[in-house]
DNA sequence: AAGTTTGTACGAAAAAAGTCGTAGTAAATA
DNA sequence: TATTTACTACGACTTTTTTCGTACAAACTT
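Chains as they are written, first to last, in this note's numbering: chain A, 272 to 405; chain B, 272 to 405.
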């Protein structure tokens, strides 16, 4: 059981780095930096410093065995998404998940397969709620 | 037709203020400040300055007729939500609207009525997409 | 009319986030 | 072994965002 007190609020850059770590697994500073540079030129020490800060915040762990440390996300993508989603929902959609969903679906082209998946989820949610009504 | 070039990225505090303006319509600095204070103690001139900055950024307009100016949101809630949603989707969910929707629905209790509304939307989306396939 | 209250304007401090240079050391290589 | 390369540590500078103090003016109050 993680003992993560704080509501988990990575900054924009921290989130970018987390994405890289989630996608690549344990990575050296250099690798993270190279990934970052695909999007936006970033100095090596900048990346290093960020990772060090994230380490202090317990957003990442690191393996110091070899000379170039291996950094790894200490939070899962799902829990981070959930946390950010809740915050976003409150600040931007005044807490209305419905409205967010409607806009997300409405203004983006969603494939029929995806729509179908959502339909399944809806059914499941409905079943669950009626089951708990007993 | 608005000539809004920038992708519309209000900061957190700016968004709070926009929310207040959307809910209350044209408002004086004082009113905005009082609303803010319900959540978080904020000095009067702090609010004033923010509104002035937002005015320069064209996030709000103002009526200077009477001594206490009336500020009004210059962007709609919907377009702002849409813009922030797109950004959020990209940075946090790597662009997958589906995943966001699933998490939004899954981890929050959504009422049967709301689920039903979404179901209607799904149907509409489906109809539209098959219609445009002609 | 003098004084108090309620405004705006605006510079500048404080806080938060991101960037980078320099020092020092281990490892590779010439 | 001397040199160059690849790392970490860390302080400090920059930029962005937020907060606030002070100055000054209009409009009420007495």
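All residues carry an ideal CB built from backbone N, CA and C; glycine is no exception.
Would you please verify whether the beta carbon of residue 310 of chain A is less than 9 Å from any beta carbon of chain B? Taking the first chain and counting its residues from 1, one reaches residue 310 of chain A at position 39. No, because no Cβ of chain B sits closer than 9 Å to the Cβ of residue 310 of chain A.
From what residue to what residue does the alpha helix (DSSP H) around residue 368 of chain A run? Translated into positions along the first chain, residue 368 of chain A becomes position 97. That run of the alpha helix (DSSP H) goes 368-377.
Measuring only the C-alpha atoms, how far is residue 388 of chain A from residue 338 of chain A? Position 117 of the first chain, counted from the first residue, corresponds to residue 388 of chain A. Position 67 of the first chain, counted from the first residue, corresponds to residue 338 of chain A. Distance between the alpha carbons of residue 388 of chain A and residue 338 of chain A: 46 Å.
Pick helix, strand or coil for residue 346 of chain B, following the three-state DSSP scheme. Here residue 346 of chain B is taken as the residue at index 75 of the second chain, counted from 1. Coil at residue 346 of chain B, not helix or strand.
Drop a sphere of 10 angstroms on the beta-carbon of residue 314 of chain B, count the other beta-carbons inside from all chains shown, and report buried for 16 or more, exposed for fewer. As a first step, residue 314 of chain B must be located in the second chain, where it is residue number 43. So residue 314 of chain B ends up on the exposed side.
Could you tell me which whole beta strand (DSSP E) segments of length 3 or greater appear in the region 284-347 of chain B? 331-334 and 341-344
Contacts that residue 369 of chain A makes with chain B (C-beta to C-beta distance below 8 Å): Counting from one through the first chain, the residue named residue 369 of chain A turns up at place 98. Neighbours of residue 369 of chain A on chain B, chain order: 381, 385, 388 and 389.
Integer-rounded CB distance, given that residue 374 of chain A should sit under 8 Å from residue 356 of chain B: Locating residue 356 of chain B in the second chain gives position 85, where the first residue counts as 1. Locating residue 374 of chain A in the first chain gives position 103, where the first residue counts as 1. Yes, they are in contact, since the Cβ atoms of residue 356 of chain B and residue 374 of chain A sit about 6 Å apart, within 8 Å.
Contact check, residue 286 of chain B vs residue 300 of chain B under 8 Å by CB: the rounded distance? As a working note, residue 286 of chain B is residue 15 in the second chain. As a working note, residue 300 of chain B is residue 29 in the second chain. The Cβ separation is near 17 Å, so there is no contact.
Report yes or no: is there a C-beta of chain A within less than 9 Å of the C-beta of residue 275 of chain B? Along the second chain, read from residue 1 onward, the residue named residue 275 of chain B stands at position 4. With a pLDDT of 48 at residue 275 of chain B, under the threshold of 50, the modelled position of that residue is not reliable, and no figure is offered here.
For residue 358 of chain A, which three-state DSSP category applies? Within the first chain, the letter at position 87 stands for residue 358 of chain A. The three-state reading of DSSP puts residue 358 of chain A in helix, counting H, G and I together.
Only counting the same chain, and skipping five residues up and downstream in sequence, which positions put a Cβ closer than 8 Å to that of residue 351 of chain B? As a first step, residue 351 of chain B is located in the second chain; it is residue number 80 there, counting from the start. These residues qualify, in order along the chain: 279, 281, 286 and 289.
Residue-level contact to chain A via CB, residue 325 of chain B, 9 Å cutoff: Translated into the one-based positions of the second chain, residue 325 of chain B becomes position 54. No, residue 325 of chain B lies away from the interface with chain A (no Cβ there is under 9 Å from its Cβ).
Taking all protein chains shown into account, do 16 or more other C-beta atoms lie within 10 angstroms of the C-beta of residue 307 of chain B, making it buried, or fewer, making it exposed? Here residue 307 of chain B is taken as the residue at index 36 of the second chain, counted from 1. So residue 307 of chain B ends up on the buried side.
Just mark residue 298 of chain B as buried or exposed, buried being the case when its beta carbon has 16 or more other beta carbons within 10 Å. As a position in the second chain, residue 298 of chain B is number 27, starting the count at 1. Buried: at least 16 other Cβ atoms inside 10 Å.
Run the proximity test for residue 376 of chain B: is its beta-carbon closer than 8 Å to any non-hydrogen atom belonging to the ligand SAH? As for the ligand SAH, it is missing from this structure, which has no ligand bound.
Cutoff 9 Å: residue 290 of chain B Cβ touching any chain A Cβ: One-based indexing of the second chain puts residue 290 of chain B at position 19. With 9 Å as the cut-off, residue 290 of chain B counts as an interface residue toward chain A.
For residue 374 of chain B, which residues in chain A fall below 7 Å Cβ to Cβ? Here residue 374 of chain B refers to the residue found at position 103 of the second chain. Neighbours of residue 374 of chain B on chain A, chain order: 352, 353 and 356.
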